[in-house]
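In mature numbering (1 follows the signal peptide of the UniProt record, and there is no 0), the protein residues as written are -27 to -1, 1 to 38. In this text, a Cβ means the ideal position worked out from N, Cα and C, and glycines have one as well. Everything below concerns the one structure shown next.
What follows is the structure, encoded as structure tokens:
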């Protein structure tokens, strides 16, 4: 009986170690989603312009009087 339990335990440990070597299936899609989001954020930051500042002279095109 002890021989069967030890062989079963060995097989379970072996399967667990192989499963830990493989990347999780959801992590790959998450990686691509994060990469895509970071690219969009980077593009938006490059193209973004700050809002006009009307509090000081020359800060914006329309000045309040």
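Could you check what DSSP says for residue i in three-state terms: helix, strand or coil?
{"i": "residue -6", "result": "coil"}
{"i": "residue -26", "result": "helix"}
{"i": "residue 8", "result": "helix"}
{"i": "residue 26", "result": "coil"}
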